[in-house]
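For the sequence shown, my numbering begins at 37 and goes up steadily by one.
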Amino acid sequence: MSAAPVLDTLPVTLPRLAEKKRLGEPVVMVTAYDHPSARVADAAGVDLVLVGDSAANVVLGYSSTVPVSVDELIMLGAAVRRGLRTPLMISDMPFGSYEASNELAIANAQRFVKEAGADAVKLEGGGKMVDRARAIVEAGIPVMGHVGLTPQTATALGGYKAQGRTADAALRVAEDALALQEAGCFSIVFEAIPAAVSEELMYSMEIPVIGIGSGPATDGQVLVFHDLLGIGEGGAARFVKRYGDLMDDMVRGMTAYADDVRAKRYPAPEHTYSIDPGELADFTTRLKAQ
Ligand code: KIV
Numbered sequence: 037m038s039a040a041p042v043l044d045t046l047p048v049t050l051p052r053l054a055e056k057k058r059l060g061e062p063v064v065m066v067t068a069y070d071h072p073s074a075r076v077a078d079a080a081g082v083d084l085v086l087v088g089d090s091a092a093n094v095v096l097g098y099s100s101t102v103p104v105s106v107d108e109l110i111m112l113g114a115a116v117r118r119g120l121r122t123p124l125m126i127s128d129m130p131f132g133s134y135e136a137s138n139e140l141a142i143a144n145a146q147r148f149v150k151e152a153g154a155d156a157v158k159l160e161g162g163g164k165m166v167d168r169a170r171a172i173v174e175a176g177i178p179v180m181g182h183v184g185l186t187p188q189t190a191t192a193l194g195g196y197k198a199q200g201r202t203a204d205a206a207l208r209v210a211e212d213a214l215a216l217q218e219a220g221c222f223s224i225v226f227e228a229i230p231a232a233v234s235e236e237l238m239y240s241m242e243i244p245v246i247g248i249g250s251g252p253a254t255d256g257q258v259l260v261f262h263d264l265l266g267i268g269e270g271g272a273a274r275f276v277k278r279y280g281d282l283m284d285d286m287v288r289g290m291t292a293y294a295d296d297v298r299a300k301r302y303p304a305p306e307h308t309y310s311i312d313p314g315e316l317a318d319f320t321t322r323l324k325a326q
């Protein structure tokens with residue numbers, strides 16, 4: 037790959053992440069799901085790479101994040117791992133892989149570390165999930181929390197919509213965020229929370245907060261790879277800013293290839309291998325004799 041310069045070649049560690057917060061340096065996070073997307077994130081010098089369960093929607097074609105399995109995310113995570121040098125890699129724990137018990141949560145978190153090579157895991161929600169986060173942290177695996185809009189439980193939240201838009205709802209988000217911080221999470225995602233609510237919450241957050249659709253006050257931002265580069269069909273959420281239109285570029289390229297094949301313009305002589313004329317004559321004679 038002809039890559040942009042790597043901006044910072046030191047591996048991102050948890051102490052470096054905490055230091056970034058202390059210094060007020062914005063943290064850049066993006067999702068990745070395979071080796072090429074990991075190489076792009078690495079070459080762009082992002083800090084954190086999340087192997088998100090959004091893989092369910094953007095690469096596996098499911099209609100929500102609910103069906104994706106631990107095995108599927110481990111396979112994608114291992115490919116991402118092979119493409120990363122400096123960013124910290126976080127694997128999302130999918131729906132059903134941690135809720136039922138601390139034992140289940142620890143066992144699956146260990147799989148992400150051992151089999152995918154993740155540095156940390158992320159799980160969604162507060163309430164009972166705070167215990168799960170604490171148990172995984174106590175088992176020695178760093179955990180990122182995720183509050184606000186939690187897509188795995190979107191149905192229970194009333195759909196894919198902003199959370200914390202009343203005082204009561206904002207207080208529930210605050211309680212969850214503080215409980216996850218107290219449970220030992222090294223960082224937390226705020227998803228689809230009003231900017232003013234995030235801003236108020238930031239006064240109490242000692243761990244780095246990564247926002248998505250939650251305004252500019254958080255310590256960093258995360259976007260889904262396919263959303264930010266414009267890969268995919270259909271509209272994106274209000275908070276997405278597109279930095280490319282790769283779907284259009286890819287369809288254009290593929291259409292040109294199909295046109296060339298049908299018009300017999302491809303392959304051209306420069307795309308073919310040659311053979312010594314004597315060898316060819318010998319081959320033709322012997323082939324006919326068979
Ligand atoms: O799975 C995902 O992509 C996420 C981000 C939106 C934070 O959880």
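Glycine included, each C-beta is placed from N, C-alpha and C at the ideal position.
Secondary structure at residue 257: strand, using DSSP grouped into helix, strand and coil. Relative to the ligand KIV, residue 49 has its C-beta separated by 7 Å or more from all heavy atoms. Residue 265 sits in a helix when the DSSP states are folded into three classes. Pairwise C-beta distances place the region 88 to 105 out of contact with the region 280 to 291, as fewer than three of them are shorter than 8 Å. Residue 67: not part of any alpha helix (DSSP H); member of the beta strand (DSSP E) spanning 63 to 67, first to last residue. Not one heavy atom of the ligand KIV is found less than 7 Å from the C-beta of residue 264.
Per DSSP, the beta-bridge partners of residue 180 are 158, 223.
With three or more CB-CB distances shorter than 8 Å, the region 82 to 92 counts as touching the region 63 to 73.
Residue 248 has its CB nearer than 7 Å to a heavy atom of the ligand KIV.
For the ligand KIV, no non-hydrogen atom lies closer than 7 Å to the CB of residue 108. Nearest to residue 263 by alpha-carbon distance, out of 254, 106, 249, is 249.
Proximity of the beta carbon of residue 227 to the ligand KIV is indicated: a heavy atom of the ligand is located closer than 7 Å.
Looking at the DSSP output, residue 128 bridges to 158. Counting only residues of its own chain and dropping the five nearest sequence neighbours on each side, residue 57 has a CB closer than 7 Å to the CB of 244, 255. When distances are taken from the beta-carbon of residue 268 to the heavy atoms of the ligand KIV, even the shortest one reaches 7 Å or more. For the pair residue 125 and residue 118, the CB atoms are not nearer than the 8 Å cut-off. Under DSSP, residue 86 forms a beta bridge with 67, 126.
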